[in-house]
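Residue numbers (my numbering): 30 to 327.
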């Protein structure tokens with residue numbers, strides 16, 4: 030059994046998927062990708078060991094085992110005996126659990142920490158090169174700003190930019206990047222963030238409604254709001270921007286916003302967002318209603 034986990038879910042999942050494909054090819058087995066929440070211990074045992082004398086079993090990539098307590102207990106008891114099983118955790122591995130302790134001891138735990146800004150910038154540049162995009166440091170900085178460093182979203186946006194470049198046979202300029210990333214069918218997160226800092230909060234609420242209309246983007250909105258609060262705090266701590274490594278445009282824009290908020294207000298916004306995130310994840314409040322009410326208190 031191999032376990033892939035860590036804060037960098039993009040890297041951990043891609044590594045887990047690659048390992049599963051290699052294992053399946055080497056053992057000449059069918060590869061199954063399963064969600065633990067939709068699987069029982071009995072089903073998992075059958076997939077691994079085989080359903081009959083003539084069935085040698087399957088290679089299984091099991092996602093998010095912690096979401097099913099019965100499956101998690103089964104895996105803990107199973108230990109390293111399941112060589113055809115690869116687990117993917119979408120969180121940092123909990124070193125207190127027996128499953129993680131055993132995997133770490135046997136050398137079968139692969140932990141992927143979040144990349145720092147420099148490494149993330151290098152990865153973006155390399156990925157853009159692989160996609161044959163004409164790229165620049167300014168585009169990297171803007172993409173980091175617009176995506177809050179989310180590698181899943183970065184990959185999606187780079188693919189979108191590649192499609193545009195191939196269709197138009199043109200270069201990607203900062204203006205084009207802003208337009209393409211902002212042109213979401215479900216709304217514009219940047220208009221939302223500008224709206225909460227302006228006199229008319231209805232602008233932000235309208236964009237929120239668009240963002241949530243076609244899919245549940247609540248966690249993305251929360252991540253961007255957390256990023257906005259973090260930027261306000263960083264700029265308020267260093268108004269001249271020394272050591273912040275922010276794009277001049279972003280620095281000036283955030284400096285104006287930060288001047289309108291006290292430290293007490295920033296702390297209140299941060300704590301309220303944490304509470305809202307918990308309530309949404311635990312099903313205590315509708316994401317749309319909770320976020321709309323939260324935007325009005327900015």
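Where a beta carbon is used, it is the ideal one built from N, C-alpha and C, also for glycine. Here the structure is a predicted model, which is why all the values come from computation and not from measurement.
Residue state for residue 115 is assigned as strand, using DSSP reduced to three classes.
Burial state of residue 31 is buried, judged by a 10 Å Cβ sphere holding 16 or more other Cβ atoms. As a beta-bridge residue in DSSP terms, residue 140 pairs with 34.
The three-state reading of DSSP puts residue 62 in strand, counting E and B together. Residue 117 is classed as buried because its beta carbon has at least 16 other beta carbons within 10 Å across all chains shown.
Taking C-beta separations shorter than 8 Å and ignoring five residues to either side along the sequence, the partners of residue 59 in its chain run 53, 87, 88, following chain order. Residue range 247-266 is occupied by the alpha helix (DSSP H) that includes residue 250. In the structure shown, the three-state DSSP call for residue 275 is coil.
As the crow flies, the alpha-carbon of residue 223 is around 8 Å from that of residue 233. Setting aside the 5 residues that flank it on each side, residue 209 is surrounded in the same chain by 189, 190, 193, each with a C-beta closer than 7 Å to its C-beta; the list follows chain order.
A direct Cα-to-Cα measurement between residue 104 and residue 128 gives close to 7 Å. Residue pairing for residue 92: DSSP places it in a beta bridge opposite 64, 117. By the criterion of a C-beta distance shorter than 8 Å, residue 68 is surrounded in its chain by 91, 97, 100, once the five residues flanking it on both sides are discounted.
Boundaries of the alpha helix (DSSP H) harbouring residue 182: 180-197, taken from the DSSP string. In the three-state reduction of the DSSP assignment, residue 87 falls in the coil class, being assigned neither a helical nor a strand state. For the pair residue 326 and residue 301, the CB atoms are nearer than the 8 Å cut-off. The beta-carbon distance between residue 172 and residue 186, rounded to whole angstroms, is 6 Å. This is short enough to meet the 8 Å contact definition. When only Cα atoms are considered, residue 260 and residue 148 end up about 20 Å apart. Taking a C-beta distance under 8 Å as the contact criterion, residue 225 and residue 324 qualify as a contact pair.
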